[in-house]
Each structure stands twice: as C-alpha cells, then as structure tokens.
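This report concerns only the one structure given below.
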Amino acid sequence: MNAPWQGPTASDSTTAAQALLAVDQVSLEYRTPQRVVRATHQVSFEVDPADRFVLLGPSGCGKSTLLKAVAGFIPPCEGEIRLQGRRVSQPGPDRIVVFQEFDQLPPWKTVKQNVMFPLLASRTLSRREAEERALHYLDKVGLAAFADAYPHTLSGGMKARVAIARALAMQPKILLMDEPFAALDALTRRKMQEELLLLWEEVRFTLLFVTHSIEEALVVGNRILLLSPHPGRVRAEIHSHQYDLQSLGGVAFQQTARRIHRLLFDEGQSPETERELDFTDIRIAY
Ligand code: ADP
Ligand code: MG
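With our numbering, you'll find the sequence shown wraps up at 287, consecutive numbering, no jumps.
Following this line, the structure appears as structure tokens:
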C-alpha cells in the first residue's frame with residue numbers, strides 16, 4: 002500500500018545534507034494590488050547530482066514560478082530553497098536558466114559571442130579563455146561550424162542548441178530549463194530531446210527540467226515530480242530512468258503515461274482506486 006508521502010522536510014537533515022538542491026515546503030505567491038495568487042503550496046523535492054529531474058504538471062500549476070524561485074528571482078513566502086545546503090536568496094552563475102523563447106539570443110552578436118557573453122559579463126573567464134570554452138561547448142552541441150553565424154540565420158533547433166551551449170559553458174551546478182523545446186515542431190523537438198540526453202551522457206550535468214508534456218517528462222527525466230493544478234502541490238514522485246526515446250509507443254511506456262495522466266487529472270480519485278494499480282515506481286503524495 003502506498004503510505005502518504007510528505008516529501009523531505011527541514012528536519013530530515015541526513016537526506017537534505019546529501020542533496021545538491023533541496024526545495025523544502027516552498028510556497029510561492031504573486032501579490033498584485035487586487036489580490037494574492039498562490040502559485041505553489043508547500044512543495045518539497047530534492048535533486049541529486051547528475052539527476053535529470055522533471056517538474057511535470059498542467060499549465061498554471063506553478064512550474065515556471067518554481068524554476069524562477071530556484072534561480073533566485075522569486076523569494077518563497079514559506080519554506081526554503083537550498084543549494085548545497087546554502088539558502089538561495091538571489092540569482093547566481095551556479096544556476097543558469099534556459100527559457101522557451103530562443104529569441105533570448107541578442108541578434109547583433111554571433112553565435113560564439115552569444116555563448117561568450119555571460120562568461121565575460123560575470124567575469125568568470127578572460128576573453129581568451131571564454132572563447133576557448135565557448136568553442137568547446139559549441140562543438141559539443143554540433144555547432145562548431147556556425148560559431149561566426151548570426152542567430153537569425155539559424156533554425157529553431159539550432160538556436161535551442163546555442164542556448165544550451167551558452168548555459169553549459171557557464172558550468173552551473175544545476176541547469177534549469179523551462180519548456181525549452183515547446184516552441185519547436187514535433188520532429189525537431191524529439192531530435193532536441195535526443196541530443197539533450199546524448200549531451201547529458203557526455204557531460205553529466207544536473208538538470209531541472211519543466212514540461213507539461215507527459216511523454217517529454219518520461220523521455221527526458223530520471224525522476225519526475227507531478228504537480229497538481231493551481232496552486233501546485235506535490236502529487237507524486239516517479240522514477241522514470243528506464244524510459245528513453247526508444248521506449249516511445251511501447252506498452253510499459255504507454256501504461257506509465259496513462260497512470261501519470263490519471264494522477265494529474267483525476268482530482269477526485271480515491272486512494273482505494275489507486276491501490277488497485279501496481280505503482281511500483283510511484284510514491285503517492287496524497
Ligand atoms: P506554469 O509554468 O506551470 O504554467 P506559472 O508558474 O507560470 O505556471 O504560473 C502559476 C500561477 O501563477 C498561475 O495561476 C499564473 O496565472 C500565476 N502567475 C504567473 N505569473 C504571474 C505574475 N507575474 N503575476 C500574477 N500571477 C502570476
Ligand atoms: Mg510555465
């Protein structure tokens with residue numbers, strides 16, 4: 002039987018000490034003159050080094066807000082976010098965000114200059130070192146030949162790869178991606194998922210990835226946190242390391258995708274119904 006799972010808490014110091022990132026009972030709110038919007042409610046999860054940790058939930062459940070809080074742009078109104086045990090209170094070069102909009106690349110800079118820019122702006126490296134680092138990561142994403150091209154001459158998938166190279170070149174402790182492939186056509190999106198996994202095999206970075214696509218979550222993630230609709234609360238955490246692009250369409254993959262769908266959208270489902278299913282890899286939160 003699935004016991005109610007509350008997620009790690011501040012008192013759970015042994016696991017908290019090991020986690021790279023600890024999100025501990027975090028509630029996030031937007032305050033407008035008219036009202037207060039609660040985006041997430043007491044969300045807890047932990048990301049370990051080299052995890053591909055996915056936040057999955059319907060639109061409006063607070064995924065982007067959570068990512069912005071981890072990045073240090075939004076302070077929690079309740080709870081705490083810790084990176085290697087230290088409270089996150091502002092943005093820093095140890096957490097780099099890749100957004101959905103690839104037009105975040107300044108058009109007047111070449112691909113190489115775009116990748117170099119954060120390294121120079123943050124005074125992480127000298128110009129020569131930054132150039133070397135930029136070319137290294139452009140090579141990793143297969144864009145070495147386009148180093149001197151301008152962004153408007155690139156396809157959507159190529160812009161996505163520049164954004165990833167730019168983020169990885171900063172060698173952050175954790176890479177934050179907010180629906181990075183959502184604006185791409187289906188085939189390019191699949192290709193980018195594949196490339197991201199290959200890149201992870203090579204570099205072994207730690208990834209916190211936001212999506213509202215169940216399929217994408219299963220393919221990209223090794224662990225998936227399911228968030229309920231607005232305000233986002235932890236619904237369950239799922240181990241999904243066994244799935245990749247090859248599993249798409251397979252029976253086990255489809256069954257897991259259906260279970261996740263049910264967990265996300267069957268609000269009134271009783272624990273009894275859930276128990277009939279074999280949730281070997283799923284911890285139910287409530
Ligand atoms: P998701 O990324 O899961 O789609 P968001 O984190 O963008 O969800 O939003 C969570 C909730 O917070 C939504 O109800 C949204 O309307 C609200 N929200 C997001 N940004 C703002 C803002 N700047 N001001 C007020 N409410 C906001
Ligand atoms: Mg969002």
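Even for Gly, the Cβ is constructed at its ideal location relative to N, Cα and C.
Query	Result
Between the Cα of leucine 169 and those of Lys192, Ala258, Thr33, Ile97, spot the shortest distance and give me the residue it belongs to.	Ile97
With C-beta atoms as the reference, is phenylalanine 118 less than 8 Å away from proline 92?	no
Please go through the same chain and pick out, in chain order, the residues whose beta-carbon is closer than 8 Å to the beta-carbon of leucine 144, but skip the five residues on each side of it.	Val112, Met159, Arg162, Val163, Ala166
Whether or not the segment 54-61 and the segment 223-237 are in contact is what I'm after, with contact meaning three or more pairs of Cβ atoms, one per stretch, closer than 8 Å; do they touch?	yes
Grab the span of the beta strand (DSSP E) containing glutamate 81 for me, first residue to last.	79-84
Is proline 34 buried or exposed, if buried means 16 or more other CB atoms sit within 10 Å of its CB?	exposed
What's the gap between the Cα of glutamine 194 and the Cα of alanine 72?	22 Å
Hey, quick one: how far does the alpha helix (DSSP H) through leucine 129 stretch, first residue to last?	In the sequence as displayed, the identity of residue 129 is arginine instead of leucine. From DSSP, the alpha helix (DSSP H) with arginine 129 extends over 128-141.
How far does the alpha helix (DSSP H) with isoleucine 261 in it extend, from its first residue to its last?	252-266
Between which two residues does the beta strand (DSSP E) harbouring alanine 125 extend?	According to the sequence as given, residue 125 is threonine; it is not alanine. No beta strand (DSSP E) contains threonine 125, which DSSP labels as neither H nor E.
What does the alpha-carbon distance come out to for the pair alanine 286 and alanine 253?	Summary for alanine 286: the model assigns pLDDT 48, below 50, so the residue's position carries little reliability; its value from the coordinates is reported in the next sentence. The straight-line gap from Cα to Cα measures roughly 22 Å.
Can alanine 131 and leucine 139 be called in contact, C-beta distance under 8 Å?	no
How big is the Cα-Cα spacing for glutamine 243 and valine 55?	14 Å
Measure the CB-CB distance between phenylalanine 46 and leucine 176 and report whether it falls below 8 Å.	no
Could you have a look at serine 28 and say whether DSSP puts it in helix, strand or coil?	strand
Ignore the nearest five residues each way along the sequence and tell me which others in valine 89's own chain have a CB closer than 6 Å to its CB.	Gly73, Ile82
Would you call the segment 247-265 and the segment 214-222 touching, i.e. three or more CB-CB distances under 8 Å?	yes
Alpha helix (DSSP H) containing threonine 111: first to last residue?	Segment: none, threonine 111 is in no alpha helix (DSSP H) and carries neither H nor E.
Count the other CB atoms, across all protein chains shown, that sit within 10 Å of the CB of proline 107; report buried if there are 16 or more and exposed otherwise.	exposed
Got a sec, what are the start and stop residues for the alpha helix (DSSP H) threonine 207 sits in?	Run containing threonine 207: none; DSSP gives neither H nor E here.
Measure the alpha-carbon distance for valine 24 versus aspartate 186 and round it to whole angstroms.	33 Å
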